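See structure below.
Here's what the structure looks like:
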């Protein structure tokens, strides 16, 4: 590696870190938290015995999973203004990623809820619990154990998917790398540095996932 | 003695399968009723109808002063009120695996009945002592043997202070050497005056503890009476055949 490349890498660390801390990470965190809340609502709707409610949820999941994330992002940022709704880049990205997480995680949560044995519902009802209480106290805590590994995948995918926000001018890690690369033509070096940034974040998340799984497994025979 | 439980004209179908064909049953307060019969006879469905885990198509269930007429499509609140009258012990304990033994017992009184935590905790510990498991309070269900799990199940059911205790084959899933400890707890409850309805294949338990035995087959009560009448001198041919198979299976 020649000296100028080393210099370039050094000078890129600041802006890329800024892109990570101000762009990628908060975008991921906000979208994941809101997306999970949305997913729980969609999952419960999907499980509703009242068919119009479950049909709405099913349609939502189908649209989200059946269209590219980039298209969803473009519709919100570039498409909505023509309908009179102009949204800034950052909120646009938040909305798109929240909807996307909502669609994918809804199916994970639904499957996890269904994995809790019927006997648990019955036992809860014999001690007097109604549906919301059973869900909150008995079913969701057990479902969370099942849901953590696939939800971790969703989160890790999301970290990387937020790089798509660079296409709608959100100054996150990928955008910063592109901005630095453009005048110097050092695409290889700068995109490699960006890749390492994403990788490190995902490593940390994988580690956290293992810790969380161990914690949730504490009441299960090994 | 007044009847605590009164069931009249209970019918239930699962699709085309008519599993209960008019069940009548009365259980005096403080007595033990045992339901026996071949598998598929409907005995578990009767038991599960008493706390609305199965919603019967027709018929009434009265426990104390709470009465539900299943023919009139009772609402959720009516069903919950009926459920609150009885405690249930399941064949496969159905303990909450993510909660400690103590929390399992406390969950109903604390979360549903919203009683003060200190009081509920003290009561739960007393109940665990009563089923011989005070030292397991902080363990999780998976750390217990099958017999211990079932005894926690009994304590959990008692904790909601029901008027009636229901047992759905409480020993059928247990290793033979663990059956005794569960039956002993049930015998103690009977001696303390609990009103109990028990579905079981344990004929010795029925003989020693039951006040009344009902033999069911094909969704009807074929014969009922004292254990001596039904188990030793059955009048109906179906009862005789069932008991013969049970006593001499090979």
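Protein chains in written order, with my numbering: chain V, -5 to 216; chain Y, 31 to 280. Glycine residues also receive a C-beta, built at the ideal position from the N, C-alpha and C atoms. Bear in mind that the values here come from a model prediction, so they are computed numbers and not experimental data.
**Asked** If we count the other Cβ atoms within 10 Å of its Cβ and call it buried at 16 or more, is residue 42(V) buried or exposed?
**Response** exposed
**Request:** Flag residue 175(Y) as yes if its beta-carbon sits less than 8 Å from any beta-carbon of chain V, otherwise no.
**Result:** no
**Prompt:** Can you tell me whether residue 179(Y) is buried or exposed, with buried defined as 16 or more other CB within 10 angstroms of its CB?
**Reply:** buried
**Request:** Report yes or no: is there a C-beta of chain V within less than 8 Å of the C-beta of residue 137(Y)?
**Result:** yes
**Prompt:** Does the beta carbon of residue 83(Y) come closer than 8 Å to any beta carbon on chain V?
**Reply:** Answer yes: the Cβ-Cβ gap between residue 83(Y) and chain V drops below 8 Å somewhere.
**Prompt:** Alpha carbon to alpha carbon, what distance is there between residue 187(V) and residue 0(V)?
**Reply:** 11 Å
**Asked** Would a C-beta distance cut-off of 8 Å place residue 330(Y) and residue 260(Y) closer than the cut-off?
**Response** As displayed, chain Y neither begins before 31 nor continues past 280, which places residue 330(Y) out of reach and without an answer.
**Asked** Can you tell which of 127(Y), 270(Y) and 199(Y) has its C-alpha closest to the C-alpha of residue 64(Y)?
**Response** 199(Y)
**Prompt:** When the distance is taken between beta carbons, is residue 118(Y) closer than 8 Å to residue 120(V)?
**Reply:** Yes. Within cutoff.
**Message:** For the pair the stretch 60 to 78 of chain Y and the stretch 201 to 213 of chain V, tell me if three or more CB-CB distances fall below 8 Å.
**Reply:** No, because fewer than three Cβ pairs between the stretch 60 to 78 of chain Y and the stretch 201 to 213 of chain V fall closer than 8 Å, the two stretches do not touch.
**Prompt:** Taking all protein chains shown into account, do 16 or more other C-beta atoms lie within 10 angstroms of the C-beta of residue 227(V), making it buried, or fewer, making it exposed?
**Reply:** Since the first and last residues shown for chain V are -5 and 216, residue 227(V) lies out of range.
**Asked** Is residue 125(Y) near residue 162(Y), with beta carbons less than 8 Å apart?
**Response** Here residue 125(Y) is not near residue 162(Y), since their CB atoms are 8 Å or more apart.
**Asked** Residues in its own chain within less than 6 Å of residue 64(V) by CB, not counting five upstream and five downstream?
**Response** 158
**Neighbour flag for residue 123(V) against chain Y, beta carbons, 8 Å** = yes
**Prompt:** Alpha carbon to alpha carbon, how far is residue 83(V) from residue 143(V)?
**Reply:** 31 Å
**Request:** Figure out for me which residue from 154(V), 36(V) and 90(V) has the closest Cα to the Cα of residue 199(V).
**Result:** 154(V)
**Message:** Please state the DSSP three-state secondary structure of residue 81(Y).
**Reply:** coil
**Prompt:** Would the C-beta of residue 86(V) count as close to the ligand MG, meaning under 7 Å from any of its heavy atoms?
**Reply:** In the structure on display, the ligand MG does not appear, and there are no ligands present to speak of.
**Prompt:** Hey, would you say residue 135(Y) sits closer than 8 Å to residue 189(Y), going by beta carbons?
**Reply:** Yes, the Cβ-Cβ distance between residue 135(Y) and residue 189(Y) is below 8 Å.
**Request:** Give me the Cβ distance between residue 176(V) and residue 100(V), rounded to the nearest whole Å; I'm assuming they're in contact under 8 Å.
**Result:** About 39 Å; that fails the 8 Å criterion.
**Asked** Which of helix, strand or coil does DSSP assign to residue 103(Y)?
**Response** coil
**Item:** Opposing strand residues paired with residue 92(Y) [DSSP bridges]
**Value:** 36(Y) and 97(Y)
**Request:** Leaving out five residues on either side along the sequence, give the residues of the same chain with a beta carbon under 6 Å from the beta carbon of residue 120(Y).
**Result:** 198
**Message:** For residue 123(Y) and residue 191(V), what's the separation of their Cα atoms in angstroms?
**Reply:** 50 Å
**Message:** Closer than 9 Å between beta carbons: that is the criterion. Which residues of the stretch 24 to 56 of chain V meet it against chain Y?
**Reply:** Listed in sequence order: no entries.
**Prompt:** With a cut-off of 8 Å, does the C-beta of residue 66(V) fall near any C-beta of chain Y?
**Reply:** no
**Message:** Any beta carbon of chain V sitting closer than 8 Å to that of residue 100(Y)?
**Reply:** Residue 100(Y) does not count as touching chain V.
**When 210(V), 4(V), 165(V) and 180(V) are compared against residue 85(V), the one with the closest alpha-carbon** = 165(V)
**Asked** Out of curiosity, what's the CA-to-CA distance linking residue 83(Y) and residue 116(V)?
**Response** 7 Å
**Item:** Rounded separation between residue 275(Y) and residue 264(Y) - CA only
**Value:** 14 Å
**Message:** Let me confirm a value: residue 235(Y) is counted as buried when at least 16 other C-beta atoms fall within 10 Å, else exposed. Which label applies?
**Reply:** buried
**Asked** Looking only at C-alpha atoms, which of 182(V), 67(V) and 133(V) sits nearest to residue 94(V)?
**Response** 67(V)
**Message:** Check whether chain Y comes within 8 Å of residue 109(V), counting only Cβ atoms and requiring the distance to be less than that.
**Reply:** no
**Message:** Beta-carbon within less than 7 Å of residue 38(Y)'s beta-carbon, same chain only, minus the 5 sequence neighbours each way: which residues are those?
**Reply:** 54, 89 and 90
**Request:** Using only alpha-carbon positions, find the residue among 132(Y), 42(Y), 115(Y) and 106(Y) that is nearest to residue 224(Y).
**Result:** 115(Y)
**Message:** Per the DSSP calculation, residue 246(Y) is bridged to which residue(s)?
**Reply:** 251(Y)
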